[in-house]
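Working notes for the structure below.
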Amino acid sequence: MRSDKELEKRLLAEYKIDFKSFAYHCLKIRTKNDGVVPFKLNSVQLDLLDKFYEQMQVKGRVRFIVLKARQMGLSTFIEALLYWWTIYHRGVKSLVLTHKDSATKELFEMTRRYHEHTPQGFKPQAHRDSANELAFSSIDSAFKTATAGSKNVGHGSTIQCLHWSEVSRSNNQADMTAGVMQTVPTGAGSMIFLESTANGLGEYFHQTWQGAMRGENEFTPVFYPWTAMQEYRQSAEGVTFSQEEREYQALYGIDDEQLAWRQAKIRQFEGPPERKLALFREQYPITAEEAFQSSDNSFISADAVVTARKAEYDGVGAIVAAVDPARKGRDSTGFVIRQGRKVLKMVRWKYPDTMTIATRCAAMIEEFKVDALFVDTVGLGAGVYDRLVQLGYGDRVFEAVASARADKADTYANKRAEMYERMNEWLMRGADIPDSDLLQSDLLMLGYEYDSSDRLKLQSKKDFDRSPDLADALAMTFYTLHIMPKGEQPEEYEGLRRAPTYGGSMLNGRF
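Right, dumping it as structure tokens:
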């Protein structure tokens, strides 16, 4: 008897600090094929657990925004993690929000199953077990689920641990952020998990993800592509792959077993081949940008951007720069330097005044021997332009006005659409850009349409809470087609000094 008590004591001490062991020996989950089984963490769950431990150790609290492909078991995992934390810590109130009532019910039934299967001696007694709450009065802790559509969820109470599941598909997002999100304290041991698949651009989850990527909020962004699931693979024996599949494989570095799984999954969808492929990209994205671009209405080709992130070109021809000064709020000043098919420099600044921006631009002109710098002179940029002229750069600084008449006014609604089209052609023909998620996100932000005169018109930036600063700056390097390079060029460049700025020269095999 004594040895049993000692064993139970040792196991309890282990379970309190080792979630993986606790999950396997104490928790049960219901599977499609095998019924109720011990909770053995999959590859993605193990990775997020490692990130949880690391952030707790470094910061003493957790703030994650998790973007995922479908069916990875992350809601199951986070639910279990919060249950474990709640029953082993005094005074913890945990809340799980879902996007609809049926999901709320399902997740609470999962939590109740966790509690029922946890052996006596390794859990506190539940003094209240209602339709959506487990309360443990002996440790003054509780675990509750609710539907995010209710505007009064969480009001009037303090919550130490919050898991908001499928944020992007929840109603009343603004009310949730103003209400329940504000009840979570900033102290040690507190947790917030915002977890969701993507649901297009502009809504709260997308905005928060963008802010996390830019380091402008408290959340750490975590993206899990479908390839992160080691379980998403099957035998490739006897499988024939198309050219598109082989190109996809080469681009993302996946193996034949993963490619065979992808092929089989696409085959399960209904509709023509294009529709099946679009559905796979929506539900099983391989990049965060692809996840948010499921509507496929981005003007810039996502495939071209991904290819450009991996490509390598030499910079040849005129060195062209552009600066898009920040106007307000969450925008940053975007600065890009491009030479032919290669982006040489890309930077974002949070400088508050035109003098500082102009000084930094001048330094870049000198360092990179810039032949032409285009400045967005609408608003704040006018002061930057004037200051650069005062500093003696009037021979290479030019105004760029996005709303101006396009060179091909019958084809483009304004200069902005024309610049973006030139940039799109440049990307499609082959380009070398920084391997940056932020730049890719900016490039894929804008949709497009055609006006009553059948001219290309880009989506208004007013539709978003921020500007695609880096994409706008890169697009402005295409404001004019021909720039005379002042610096020395390779011999092969002679006679091509007025080659289009988006090409560089015949050295790239394009002109």
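Using full-length UniProt numbering, the first residue of the sequence shown is number 1, and each one after it goes up by one.
Where a beta carbon is used, it is the ideal one built from N, C-alpha and C, also for glycine.
Treat the numbers as computed from the prediction; the structure is a model and nothing was measured.
1) Taking the alpha carbon of Gly392 as the point to measure from, which residue in Thr411, Ala358, Ala409 and Ala402 has its own alpha carbon closest?
2) Would you call the CB atoms of Val343 and Ile483 closer than 8 Å?
3) Just to confirm the assignment: which complete beta strand (DSSP E) runs, minimum length 3, are found wholly within the segment 115–194?
4) Could you say which of Met213, Ile286 and Ser235 lies nearest to Gln249 if we only look at CA atoms?
5) Count the C-beta pairs between the segment 137–149 and the segment 86–95 that are closer than 8 Å, then say yes if the count reaches three, no if not.
6) State the Cα-Cα distance for the pair Thr89 and Met191, rounded to the nearest angstrom.
7) Between which two residues does the alpha helix (DSSP H) containing Phe22 stretch?
8) Alpha carbon to alpha carbon, how far is Met229 from Met72? Give it in angstroms, no decimals.
9) Would the beta-carbon of Ala264 fall within 8 Å of that of Ala431?
10) For the 8 Å Cβ check, are there 3 or more pairs between the segment 356–370 and the segment 309–328?
11) For Ile357, name the three-state secondary structure that DSSP assigns.
12) How big is the Cα-Cα spacing for Thr240 and Gly379?
13) Exposed or buried, Asp410, counting other C-beta atoms within 10 Å across all chains shown (16 or more means buried)?
14) Cβ atoms of Thr147 and Lys100: under 8 Å apart, would you say?
15) Quick one: measure Cβ to Cβ for Ala212 and Phe219, integer angstroms, because I've assumed they're closer than 8 Å.
16) Spell out the partners DSSP gives Leu67 in its beta bridges.
17) Within this structure, are the beta carbons of Leu427 and Val305 separated by less than 8 Å?
18) Among residues of its own chain, excluding the 5 on either side of Asp331, which ones have a beta-carbon nearer than 8 Å to its beta-carbon?
19) How big is the Cα-Cα spacing for Ser43 and Glu231?
20) From the DSSP output, read off the bridge partner residues of Arg341.
21) Using DSSP with H/G/I as helix, E/B as strand and the rest coil, what is Glu270?
22) So which of Ser453, Ser436, Tyr420 and Arg429 has the shortest CA-CA distance to Leu446?
23) Quick check on Val384: buried or exposed, where buried means 16 or more other Cβ atoms within 10 Å of its Cβ?
24) Could you tell me the alpha carbon to alpha carbon distance between Lys310 and Glu289, rounded to whole angstroms?
25) Between the Cα of Leu194 and the Cα atoms of Leu388, Ala260, Leu82 and His163, which residue gives the shortest distance?
26) Please state the DSSP three-state secondary structure of Arg112.
27) Any idea if Ser157 is buried or exposed, counting beta-carbon neighbours within 10 angstroms, 16 or more meaning buried?
28) Roughly how many whole angstroms lie between the Cα atoms of Glu6 and Phe292?
29) Using the Cα positions of Asp34 and Thr208, report the straight-line distance between them to the nearest angstrom.
30) Going by DSSP in three states, residue 515 sits in which element: helix, strand or coil?
31) Contact between the segment 116–127 and the segment 178–186 is defined here as three or more beta-carbon pairs at a separation below 8 Å; is this criterion met?
32) Using DSSP bridges, identify the partner residues of Ile319.
33) Check Ser94 in the structure and name its three-state DSSP category.
34) Excluding sequence positions up to five away, which residues of its chain have a Cβ less than 6 Å from the Cβ of Leu279?
35) Could you tell me which residues DSSP pairs with Met346 in its beta bridges?
36) Around the C-beta of Glu166, are 16 or more other C-beta atoms found within 10 angstroms, so that it is buried, or is it exposed?
Taking the geometry as given:
1) Per the Cα distances, Ala358.
2) No; because the gap between Cβ atoms is not below 8 Å, this pair is not in contact.
3) 133–136, 141–147 and 161–165
4) Ile286
5) yes
6) Inspection of the sequence shows that residue 89 is occupied by His rather than by Thr. Across the structure, His89 and Met191 are spaced so that their CA atoms are roughly 13 Å apart.
7) Phe19 to Cys26
8) 7 Å
9) no
10) yes
11) Here Ile357 sits in helix by DSSP.
12) Answer to the nearest angstrom: the Cα atoms are 56 Å apart.
13) exposed
14) yes
15) 4 Å
16) Ser196 and Phe223
17) yes
18) Counting only Cβ-Cβ distances below 8 Å, and skipping sequence neighbours, we find Arg466, Ser467 and Asp469.
19) 8 Å
20) For Arg341, which the question treats as bridged, DSSP gives no partner whatsoever.
21) Reduced to three states, the DSSP call for Glu270 is coil.
22) Looking at Ser453, Ser436, Tyr420 and Arg429, the one whose alpha-carbon comes closest to that of Leu446 is Tyr420.
23) buried
24) Straight through space, the alpha carbons of Glu289 and Lys310 are spaced by roughly 16 Å.
25) It is His163.
26) helix
27) exposed
28) For the pair Glu6 and Phe292, the Cα-to-Cα distance works out to about 52 Å.
29) Their Cα atoms are separated by approximately 38 Å.
30) Residue 515 is absent from the structure shown; the chain starts at 1 and stops at 511.
31) no
32) Gln339
33) strand
34) Excluding residues within five positions, the ones whose Cβ falls inside 6 Å are Phe269.
35) Val336
36) Glu166 counts as buried, since at least 16 other C-beta atoms from the protein chains shown sit within 10 angstroms of its C-beta.
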